[in-house]
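Step one of this worksheet: look at the structure below.
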Amino acid sequence: MIRAKLVVVGFGSVGRSLVKIVAYRGRALANKYSLMLRVVGVVDSKGMAFKAGGFEEHELLKLCELPRSGVPLFKPYARDYVDLEELYSVTQPDVHVELTPSNYETGEPGLSNILRALSRGIHVVTANKAPIALHYGELMSLVRSRKTALKFGATVMGGTPFIEMLSHMKTHEIERVAGILNATTNYILTEMHKNLVDFEDALNRAKAIGVAEADPSLDIEGVDAAAKLTIISHVVGRSVKMSDVERESLTTVKLKDVVEALRHGYVLKYVASLDFEKGKASVKVLRVPREDLLATVEGTLNCVKVKTSVSDLVLVGKGGGGSETAHTVLNDVLSVIYAHPPGDLL
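What follows is the structure, given as structure tokens:
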């Protein structure tokens with residue numbers, strides 16, 4: 001039996017979903033994979049809670065019932081401050097799970113958190129796109145020098161294992177990648193086409209059901225999709241910067257544009273594309289023929305087409321959601337543990 005200890009840094013939707021999965025499926029994982037996962041620490045923006053031996057199932061579920069930024073309330077295990085060095089020293093984790101929000105200006109606090117963990121010889125799994133998009137080279141250099149692992153499968157198509165698939169295509173020459181990589185904008189366009197509402201109405205509907213953030217600018221300005229293109233380029237051995245990606249705002253789409261496209265047999269889609277042969281990267285609103293697969297991908301689904309020297313591949317799946325993304329994070333955690341078994345064997 002392998003015993004592995006996790007700290008979860010960032011306790012929003014994905015973090016809570018991950019902790020719930022570990023609580024509910026911990027015994028099943030132990031029976032099926034001979035693996036005992038122990039969550040030994042949880043961190044949010046206001047504080048941290050930790051237990052050297054790991055929280056019990058009922059304690060994990062109580063943590064998930066706390067209000068947002070409520071980790072400091074989890075007495076007697078809580079602290080009303082964040083000190084990762086103290087957390088590491090007390091709990092000795094095998095894997096640091098980084099789930100803080102993406103900051104495309106500085107990459108913080110995720111970047112510093114990941115660097116700190118890797119420097120301590122702790123493996124990292126993250127769903128935070130910014131550090132990977134902005135500082136991939138620096139991070140991978142540290143991974144190699146410290147002989148650790150850094151997995152980020154949940155950063156692109158959160159609930160669908162696209163990055164994992166792409167990372168295994170080592171004998172394929174990737175020529176082009178194009179698709180729908182943002183769930184929020186795809187939902188907005190779906191609403192505009194199906195219900196013939198304008199952009200603002202569609203955006204408000206997305207906010208009402210939690211698909212869009214209160215400030216959706218990273219999504220509707222193409223920043224999120226540009227970060228994902230950058231990450232994809234890193235995975236296939238290229239080096240496209242976020243600043244290299246030409247972005248068109250989704251706010252330019254008017255209802256009359258949708259009606260006009262439908263009249264001529266097209267659907268408007270917010271398409272992110274990397275063309276390595278032409279050296280171009282973009283996030284743009286495109287007219288897609290109704291018979292094209294991309295035109296049929298609706299709501300919060302994502303779709304990506306990969307053109308390679310060997311074959312063409314298409315992958316459709318959930319682009320996000322707390323539970324879906326948490327499952328991809330957990331899959332990365334399992335991959336890390338099996339590739340780098342901890343010394344703590346039962």
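Residues 1 to 346 in the numbering used here are what the sequence shown lists, from first letter to last. We put the CB at the ideal spot given by N, CA and C, even for glycine.
Can you tell which of the options has its C-alpha closest to the C-alpha of residue i?
| i | options | result |
| --- | --- | --- |
| L286 | V314, V316 and S249 | S249 |
| M169 | E221, V310 and H340 | V310 |
| V14 | L29, K5, K254 and L99 | L99 |
| M140 | V314, L35, H234 and L313 | H234 |
| A127 | G317, D224, T296 and R38 | D224 |
| A49 | Y33, K194 and P72 | P72 |
| V196 | V258, H172 and G265 | A small correction: the amino acid at residue 196 is Leu; Val does not occupy that position in the sequence shown. Comparing Cα-Cα distances from L196 to each of V258, H172 and G265, the minimum goes to V258. |
| L229 | E164, V240 and D219 | V240 |
| L6 | S34, V43 and R27 | V43 |
| L37 | E57, L111 and R3 | R3 |
| E108 | H135, L218 and P342 | H135 |
| K284 | K269, T171 and E298 | K269 |
| A52 | Y88, K75, F162 and K318 | Y88 |
| Y222 | I209, A214, T252 and A208 | Note on residue identity: the sequence assigns Gly, not Tyr, to residue 222. The shortest C-alpha separation from G222 is found at T252. |
| V271 | P161, A214 and I220 | I220 |
| G299 | A202, V143, E86 and V19 | A202 |
Just to confirm my understanding: we take residue i, look at its own chain, exclude 5 residues before and 5 after, and list those with CB closer than 8 Å. What are they?
| i | result |
| --- | --- |
| A206 | T184, Y187, I188, E191, A212 and P216 |
| N113 | V9, L84, H96, E98 and T100 |
| V80 | For clarity, residue 80 is Asp in the given sequence; the question names Val instead. Correct list, in chain order: K46, G47 and P72. |
| K254 | D198 and F199 |
| L218 | S102, Y104 and D224 |
Does any C-beta atom of chain C lie closer than 7 Å to the C-beta of residue i?
| i | result |
| --- | --- |
| V283 | The structure shown contains no chain C, having only a single protein chain. |
Give me, in chain order, the residues of the same chain whose beta-carbon lies closer than 6 Å to that of residue i; leave out the 5 immediate sequence neighbours on both sides.
| i | result |
| --- | --- |
| R176 | D275 and K307 |
| I132 | F152, T155 and I231 |
| S282 | E246 and S273 |
| V333 | V95 and V125 |
| G322 | S13, V14 and S17 |
| S103 | Looking at the sequence shown, residue 103 is not Ser but Asn. For N103, where only same-chain residues beyond five positions count, the Cβ hits under 6 Å are A130. |
| E57 | A23 |
| G179 | C303, V304 and K305 |
| L35 | I2 and L29 |
| T325 | V14, A127, A154, G158 and G159 |
| G279 | none |
So, with DSSP's three-state summary, where would you put residue i?
| i | result |
| --- | --- |
| H123 | strand |
| V14 | helix |
| L345 | At L345 the pLDDT is 47, less than 50, meaning the model places this residue with poor confidence and gives no usable figure here. |
| A4 | strand |
| I132 | helix |
| K194 | helix |
| A178 | strand |
| K147 | coil |
| V333 | helix |
| V236 | coil |
| V9 | strand |
| V156 | coil |
| M169 | coil |
| D215 | coil |
Report all residues from its chain with a CB closer than 7 Å to the CB of residue i; omit the five preceding and five following residues, and keep chain order.
| i | result |
| --- | --- |
| V336 | V95, H123, V125, A149 and K151 |
| R238 | F276 |
| H340 | H123 and A149 |
Return the CA-CA distance between residue i and residue j, expressed in angstroms with no decimal places.
| i | j | result |
| --- | --- | --- |
| F11 | G54 | 17 Å |
| L346 | N31 | Reliability fails at L346, whose pLDDT of 47 lies under 50, so the model's placement of it is uncertain and the value that follows must be treated cautiously. Computed Cα separation, rounded: 13 Å. |
| L61 | I21 | 10 Å |
| Y24 | L84 | 27 Å |
| K147 | P93 | 16 Å |
| R120 | M242 | 29 Å |
| K129 | E200 | 27 Å |
| R290 | V304 | 17 Å |
| S45 | V82 | 8 Å |
| L29 | V236 | 32 Å |
| N204 | K256 | 19 Å |
| G159 | R116 | 27 Å |
| L330 | E260 | 44 Å |
| Y266 | S167 | 33 Å |
| L313 | I174 | 11 Å |
| C64 | G137 | 35 Å |
| Y33 | G26 | 10 Å |
| S69 | V288 | 43 Å |
| A226 | P67 | 32 Å |
| T296 | H193 | 12 Å |
| L294 | T171 | 26 Å |
| V40 | L111 | 22 Å |
| T328 | E164 | 10 Å |
| L118 | Y338 | 18 Å |
| K318 | G210 | 15 Å |
| K359 | E59 | Here the chain comprises residues numbered 1 to 346, so residue 359 is not present and cannot be evaluated. |
| V90 | A208 | 42 Å |
message = If we require 3 or more residues per run, which beta strand (DSSP E) segments fall completely within the segment 238-288?
response = Under the rule that a run must span 3 or more residues, the beta strand (DSSP E) segments found entirely inside the segment 238-288 read 266-275.
query = What residue ranges within the segment 17-98 form continuous alpha helix (DSSP H) runs of no fewer than 4 residues, ordered along the chain?
reply = Correct list: 57-65 and 84-91.
request  = Could I get the ranges of all uninterrupted beta strand (DSSP E) runs contained in the segment 290-329, with 3 residues as the minimum, in chain order?
outcome  = Fully enclosed beta strand (DSSP E) runs of 3 or longer: 301-308 and 312-318.
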